[in-house]
Structure formats: C-alpha cells, structure tokens
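Q: Sharing a structure, written as structure tokens. Questions coming.
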Amino acid sequence: MSLDSSFVLVPNSKPEISSVDSSNPSTLSSYTPGSSGSYAHDWSEIRISGRHFIDKYGRVCHLRGVNLSGSSKTPANNNETFPANAEIAIFVDRPIPLKEAHEHFSRLRRWGFTFVRFLVTWEAVEHAGPGIYDTNYLQYIRGLLQLLPKYGMVAFVALHQDVWSRYSGGSGAPAWTLESVGFDLNELVSTGAAWLNGVEGGGHAEDEMGFWSTGYQKLAASTMATIFWAGETFAPKLTVEYRGQTMNAQHFLQTTYLDMFDQVVKAVGDLDGVIGFELMNEPHRGYIDLKSLHSFDYNTDLHLGPTPSALQSFQLGAGYPTAVDIWTRSFPFPTRKSHTVVLNPDGKCVWKGKLKEGAEVRKGECVWEMHGVWGWSNDKKEAVVLRENYFVKHPMTGKKIEWYSDFFYPFLNQWAGRVRDISPSKMVFIEIVPNEFCPPSFLKEVRPKNMVYAPHWYDLKALFDKAYGEFTVNVQGLSRGMFPLLTFYWGHKGARENYAHQISTIVYHGHKHLGEIPIVIGECGVPMDMKSVAQFSLLVPVKERGWLTWTSC
1 MSLDSSFVLV PNSKPEISSV DSSNPSTLSS YTPGSSGSYA HDWSEIRISG
51 RHFIDKYGRV CHLRGVNLSG SSKTPANNNE TFPANAEIAI FVDRPIPLKE
101 AHEHFSRLRR WGFTFVRFLV TWEAVEHAGP GIYDTNYLQY IRGLLQLLPK
151 YGMVAFVALH QDVWSRYSGG SGAPAWTLES VGFDLNELVS TGAAWLNGVE
201 GGGHAEDEMG FWSTGYQKLA ASTMATIFWA GETFAPKLTV EYRGQTMNAQ
251 HFLQTTYLDM FDQVVKAVGD LDGVIGFELM NEPHRGYIDL KSLHSFDYNT
301 DLHLGPTPSA LQSFQLGAGY PTAVDIWTRS FPFPTRKSHT VVLNPDGKCV
351 WKGKLKEGAE VRKGECVWEM HGVWGWSNDK KEAVVLRENY FVKHPMTGKK
401 IEWYSDFFYP FLNQWAGRVR DISPSKMVFI EIVPNEFCPP SFLKEVRPKN
451 MVYAPHWYDL KALFDKAYGE FTVNVQGLSR GMFPLLTFYW GHKGARENYA
501 HQISTIVYHG HKHLGEIPIV IGECGVPMDM KSVAQFSLLV PVKERGWLTW
551 TSC
C-alpha cells in the first residue's frame, strides 16, 4: 500500500453548504456519503466550548495527539565541539526534513493521529545571540506546519525546555543565557554545576540513565530558573547590559524570551494548522521556596548519583573542593546513599573571571555569595549559610513567597497578552510544575482567555528504572509521604488501575480549580530511553499500546 492511500486529503475548497455553520452537513436532506467536504478529521475553525474542543459545526472533537518531537531539542549539525561554537547551531530539519514531511504526516494520519504538540526550543530560534533570530528556521517550521491541514491534523506550538538548557544538561535556552549571568560553560562539569554526559557527543553509560533530571537541583539550572522568574527579588544586584540599557537579569531573560516568542507567533500564528501556543514545557522553580540550603526534599527531588545540597553547589561553583553524597537505586525506597566523594578537587570556578588592573584574572563571584546567602568561613574552612530562609521569604519585606502568584501568573499573562496582540484567536496552553496538582490560586482573575490546561503524566517508576517490572508505583502518593509499599500496584490490572487513578486525579484537580476548560495531557507515554525495545511488551498488551505514544521521530 502506498503512503498516498493511508490518509484522506482535505480539499482546499469545500462545497458550499446551504445550512448555517452550526449544523452538520449530514443533517441535510440532500446529503449523501462523500458529498460534503467536512470529513470527521476536518478540524478547521476549532474552538473551545466549556471543557471541550468543537469544530465549526459544534461537534465535539476528541483529540488523539502526538508530540513532534524529541529530536527538536538538539541541533542537526555536528555536536563534537559542544559546548563551544554554540552560536552556529542549526535546527533546520528538526524534527524532520521538509522533503520528508509527506512520509511522516501520512504515517501519523494512518495511525489515527489528528493533533500535534509541535516542539520548538528557544535555542533553535535565537542561538546566535540576544535579538538575533534564525529566520531560516522560522521559515522552515512555517513550511512544515502549513502542511498539517492537508492531512487532517492541527497543532499547538510548545516552547520546550528541560533543565533550562542543553548547556546545563537538558534542552531549551541558548548558551548565552547562562553566560549572561556569569557562568563559564567550560567549567560546568568540573564544578558539579551540571551533568552533561547525556547531551555531549559521547553519550552516557546505562547506569547513568535518568541522571539528566537531577540537573534541576544542580547549580546551573536552579540558578537560571530562579533568576528567570525572580531575579529582581532574589538577585537584585545582578545586572545585564542590553540595547544600551542596564537591567536586572530577570528583566533581560524575560524580555528576550518574550521577544523570541513574538517571532515564533509571527511566523506561524496565521496558519490554519496552528490552533495555539504553549508558554513553556515543565517550568521549574529553581531555588524559590527551597526550605533548607542544607538538603533537598527526598520525596520530591530526585536523589541519584552525585547529589549536592544547594549550599554544597554554591561551594563547589565558587572553587572549593567538597565532599558530596552519591546516591544509587534501591528498594523499597527509590534510592539510598551509597558513599561520598570529593568533587571539584582541582578547585575550578564556574563563575567567569574578571579582569583587575594589570590584567590579572581572578575568580568570578557566586551570585548567591554576592547577595549574602552564604559565605566562606576562614576559621572553619567551610561554607556557612548566612540566610537559611532566603528563598522562602522576600529578602526585603520578609513576606512569604508563593511562586505561582508572585512570579508565574504575572509572566503568564504578560506572555498571553503578547500572543493575543499578534494572533488574537489562538488558544494558550499552560502547564504547571511537573508532578504537582493544579494550585487553588489559579483563579479566574489570573487566567488568560482561551486557555487550555496541559499538564503531563508519566509512569515515573518506568521513567526512573528505564524498564518495566512486575509492579508500578503511585508516585503521586509516594511524593506526598505515603509509605512505599502502600503505593505498589501489581501486574497488568494493577497498572491500569494505577494509571487511571493518577491521570484522573490530575484531571480532577484541574477541573476543581479551573472549572469547565479543556484539559490535554501534553505528554504521556513510554520513556524514550528504555533499556531495550522488549520493555514495551512487558507491561502493555498490544491492543493498549496506541495511547502510550507521546512522540514521533
């Protein structure tokens, strides 16, 4: 069978329909099968009605979606020089070359998909420097997305990030964002500020699978998230020169992010195949609301491999060799402390050196030491905490910090307003911090118009183990203090009950606090780095595998 026979092309010009748009053509007395241009997969003029998506005839559209795709996170050109030459990254043809679009879109349509979460990264658009946009890439994604309606599909464009950036161990932001706040990209690994084995050309060992997500607690990603959301609050002394102005680093990062997003909306916001935009994949607080600088919460923050506390990360980044606990996988608790090693034995500094008179290079200053969060005790020969509750209360007023209300909602509405200014009819897709339920503070007054709630869900045990076993775990309960053995579900039947329970809990809290709006599970499926293909068949019967796919290509 040829690919051409695997889908039905929607005609560019539809036959005129005598009834009003609110009536389905099939209700007309003159209707015969095939006489209407409105196929079941014609999603033109899709809009929101209560908790549903409906088409122009008022029919409820049931989404069957896929992410396109994980390969969008990395450039198409050679990665051997990473992290050098960041400005010449090429993302054209990510996720698929334009000339191969027919093959991929035909296959997706044959598999029954009608909805695409299309991934774009900040780095792909603005890798060359602040305010320098890759117009070739923007033209490429426009060319790709404008094809979707011909295959009976639509998409929303999601700005993707994990662990802030490729240069801090994930994907998303350009290298210059880290450099703008003082990080030396060449010393991120030596100082334990980031784990980069997963993004460097050589890859990583099997026992290191899952390490990438520990980067959220490490110095680079935690610092960048904190400054992006709340630099004016927690790092007021940190400024950046941009366009002839001196501004706080938060203002610089948010301004460049919003300006970049404007370019994306201008490039594809007029397309029929694009129904909306997503602010940010899996946002993270960084250090904001961190209760103790001496430890992270075992129940919510992954302890695996080298696991420095915030204070130890500050100390390592500033050039002090530090003994750090190493954690390994265990049972019944997910991990246990294995041993201790000294990191950064050579005393490297992750903060860029500054020139003094006579061109003498000295170590750069840690941004958190600059703000009096910690300091080095010459008497004790160790780092000491000076302000334990620094990230819990406003440093100046002492008021309790609430990340969503104080930082997330204001930025969300600023972004949504700019999207509407360029493309008024598009939907805005919003997700919150991963593994959290929709917060009660997400009131109607702080929600943008035309909003879709788009949280994620995975079987986190499989994501952690990179394998399926005899049981699954209710991670929602485990992360909220439930005794591990009480969170176990055994066998296929137990897995279905567990999955249904967790997903329905996410949806329940969404509707409870947001009311009648659509909810889309933006990511849901099999982890992409499983130990073997055979793992796909260990837990999920063939007839149930279709809904597990989250990404293509």
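Residue 553, in UniProt numbering, is where the sequence shown stops; the numbers in between run on with no holes.
In this text, a Cβ means the ideal position worked out from N, Cα and C, and glycines have one as well.
Would you kindly work out how many angstroms separate the C-alpha atoms of residue 385 and residue 154, rounded to a whole number?
A: Counting from 1 along the sequence shown, the entry for residue 385 is found at position 385. Counting from 1 along the sequence shown, the entry for residue 154 is found at position 154. Rounded to whole angstroms, residue 385 to residue 154 spans 51 angstroms at the Cα level.
Q: Roughly how far, in whole angstroms, is the beta-carbon of residue 457 from the beta-carbon of residue 503, given that I think they are within contact range, below 8 angstroms?
A: Start at 1 with the first residue of the sequence shown, and residue 457 comes out as number 457. Start at 1 with the first residue of the sequence shown, and residue 503 comes out as number 503. About 5 angstroms; that satisfies the 8 angstroms criterion.
Q: Which residue comes first and which comes last in the alpha helix (DSSP H) that contains residue 368?
A: Translated into positions along the sequence shown, residue 368 becomes position 368. 367-370 is the extent of the alpha helix (DSSP H) around residue 368.
Q: For the alpha helix (DSSP H) containing residue 179, list its first residue and its last residue.
A: Position 179 of the sequence shown, counted from the first residue, corresponds to residue 179. Unbroken alpha helix (DSSP H) run through residue 179: 175-180.
Q: What span of residues does the alpha helix (DSSP H) with residue 453 cover, start to end?
A: Indexing the sequence shown from 1 puts residue 453 at position 453. Run containing residue 453: none in the alpha helix (DSSP H); it sits in the beta strand (DSSP E), 451-453.
Q: DSSP three-state label for residue 70, please.
A: Along the sequence shown, read from residue 1 onward, the residue named residue 70 stands at position 70. Of the three classes helix, strand and coil, the one that applies to residue 70 here is helix, per DSSP.
Q: What distance in whole Å lies between the Cβ atoms of residue 220 and residue 194, which are believed to be in contact at a cut-off of 8 angstroms?
A: By one-based count along the sequence shown, residue 194 stands at place 194. By one-based count along the sequence shown, residue 220 stands at place 220. Contact flag correct, Cβ pair sits at about 4 angstroms.
Q: Can you tell me whether residue 426 is buried or exposed? The criterion is at least 16 other CB atoms within 10 Å of its CB, across all chains shown.
A: Numbered from its first residue, the sequence shown carries residue 426 at position 426. When all chains shown are included, residue 426 counts as buried.
Q: If you draw a straight line from the alpha carbon of residue 464 to that of residue 234, how long is it in whole angstroms?
A: For this step, residue 464 is matched to residue 464 along the sequence shown. For this step, residue 234 is matched to residue 234 along the sequence shown. Their Cα atoms are separated by approximately 32 angstroms.
Q: Excluding the 5 residues flanking residue 177 on each side, which residues of the same chain have their C-beta closer than 7 angstroms to its C-beta?
A: Position 177 of the sequence shown holds residue 177. Closer than 7 angstroms at the Cβ level, and outside the excluded window around residue 177, lie 165, 224 and 253.
Q: Out of 377, 181, 127 and 447, state which residue places its alpha-carbon closest to the alpha-carbon of residue 75.
A: Counted from its first residue, the sequence shown places residue 75 at position 75. Comparing Cα-Cα distances from residue 75 to each of 377, 181, 127 and 447, the minimum goes to 127.
Q: Could you check where the beta strand (DSSP E) with residue 472 kicks off and where it finishes?
A: If you number the sequence shown from 1, residue 472 lands on position 472. Run containing residue 472: 471-473, per the beta strand (DSSP E) assignment.
Q: List the endpoints of the continuous alpha helix (DSSP H) containing residue 465.
A: As a working note, residue 465 is residue 465 in the sequence shown. Per DSSP, residue 465 belongs to the alpha helix (DSSP H) from 460-465.
Q: For residue 510, report the span of its beta strand (DSSP E) as first-last.
A: Your numbering for residue 510 matches position 510 in the sequence shown. Element bounds for residue 510: not the beta strand (DSSP E) but the alpha helix (DSSP H), 491-514.
Q: Assuming contact is defined by CB atoms lying nearer than 9 angstroms, are residue 115 and residue 66 in contact in what I supplied?
A: Position 115 of the sequence shown, counting from 1, holds the residue named residue 115. Position 66 of the sequence shown, counting from 1, holds the residue named residue 66. In this structure, residue 66 lies closer than 9 angstroms to residue 115 by Cβ.
Q: Grab the span of the beta strand (DSSP E) containing residue 248 for me, first residue to last.
A: Against the sequence shown, residue 248 aligns to sequence position 248. 245-248 is the extent of the beta strand (DSSP E) around residue 248.
Q: Helix or strand or just coil, what does DSSP make of residue 436?
A: One-based indexing of the sequence shown puts residue 436 at position 436. DSSP places residue 436 in coil when its eight states are reduced to three.
Q: In this structure, does DSSP put residue 86 in helix, strand or coil?
A: The residue given as residue 86 occupies position 86 in the sequence shown. Residue state, collapsed to three classes: helix.
Q: I think residue 437 touches residue 404, with their Cβ atoms under 8 angstroms apart; what is that distance to the nearest whole Å?
A: On the sequence shown, residue 437 is found 437 positions in, with the first residue counted as 1. On the sequence shown, residue 404 is found 404 positions in, with the first residue counted as 1. Wrong, their Cβ atoms sit about 12 angstroms apart, outside the cutoff.
Q: How would you label residue 490, buried or exposed, when you count the other beta carbons within 10 angstroms and need 16 or more for buried?
A: For the purposes of this step, residue 490 is taken as the residue at position 490 of the sequence shown. So residue 490 ends up on the exposed side.
Q: Using a Cβ-Cβ cutoff of less than 7 angstroms, which residues in the same chain neighbour residue 185 once the five nearest sequence positions on both sides are dropped?
A: Along the sequence shown, one-based indexing puts residue 185 at 185. Once the five neighbours on either side are set aside, the close Cβ partners of residue 185 are 83, 167, 175, 178 and 179.
Q: Let me know the alpha helix (DSSP H) ranges lying completely inside the region 299-356, each 4 residues or longer, listed in chain order.
A: The qualifying runs are 310-317.
Q: By alpha-carbon positions, which one of 244, 299 and 231 ends up nearest to residue 288?
A: Along the sequence shown, read from residue 1 onward, the residue named residue 288 stands at position 288. It is 231 whose Cα lies nearest to the Cα of residue 288.
Q: Report the partner residues of residue 524 according to the DSSP bridge assignment.
A: Stepping through the sequence shown from its first residue, residue 524 is reached at position 524. Paired residue(s): none; residue 524 is not in a bridge.
Q: From residue 13 to residue 150, what distance separates their C-alpha atoms?
A: To locate residue 13, count along the sequence shown from 1; it is residue 13. To locate residue 150, count along the sequence shown from 1; it is residue 150. Low local confidence applies: a pLDDT of 47 at residue 13 is under 50, so the model's placement there is unreliable, and no value is given.
Q: Decide yes or no for the touch test of the region 239-247 against the region 334-352: beta carbon pairs closer than 8 angstroms, at least 3 of them.
A: Verdict: no, contact absent.
Q: For residue 107, name the three-state secondary structure that DSSP assigns.
A: In the sequence shown, residue 107 corresponds to position 107, counting from 1. Looking at residue 107 - three-state DSSP - the assignment turns out to be helix.
Q: Take every Cβ of the region 412-430, pair it with every Cβ of the region 472-487, and state whether three or more of those distances are shorter than 8 angstroms.
A: No contact exists between the region 412-430 and the region 472-487.
Q: Hey, which unbroken runs of the beta strand (DSSP E) at 3 residues or more fall wholly within the UniProt domain "Glycoside hydrolase family 5" (101-164)?
A: Whole beta strand (DSSP E) segments, 3+ residues: 115-121 and 154-160.
Q: Let me check you understand the geometry: is the CB of residue 179 closer than 8 angstroms to at least one non-hydrogen atom of the ligand COA?
A: Among the components of this structure there are no ligands whatsoever, and the ligand COA is therefore not found.
Q: Would a C-beta distance cut-off of 9 angstroms place residue 522 and residue 158 closer than the cut-off?
A: In the sequence shown, the residue the question calls residue 522 occupies position 522. In the sequence shown, the residue the question calls residue 158 occupies position 158. For residue 522 and residue 158, yes; Cβs fall inside 9 angstroms.
Q: Short of 7 angstroms in beta carbon distance, which residues of its chain neighbour residue 348, apart from the five on each side in sequence? Order them along the chain.
A: Start at 1 with the first residue of the sequence shown, and residue 348 comes out as number 348. Result list for residue 348: 187, 190, 191 and 319, in chain order.
Q: Leaving aside the five residues before and after residue 256 along the sequence, list all residues of the same chain whose C-beta is less than 6 angstroms from its C-beta, in chain order.
A: The count along the sequence shown starts at 1 and reaches residue 256 at position 256. Closer than 6 angstroms at the Cβ level, and outside the excluded window around residue 256, lie 130.
Q: Give every residue of the same chain whose Cβ lies closer than 7 angstroms to the Cβ of residue 22, excluding the five residues on either side of it in the sequence, and list them in chain order.
A: Within the sequence shown, the letter at position 22 stands for residue 22. In this prediction, residue 22 scores a pLDDT of 47, lower than 50, which makes its location untrustworthy; the coordinate-derived value is nonetheless stated afterwards. Taken in chain order, the residues that qualify are 57 and 58.
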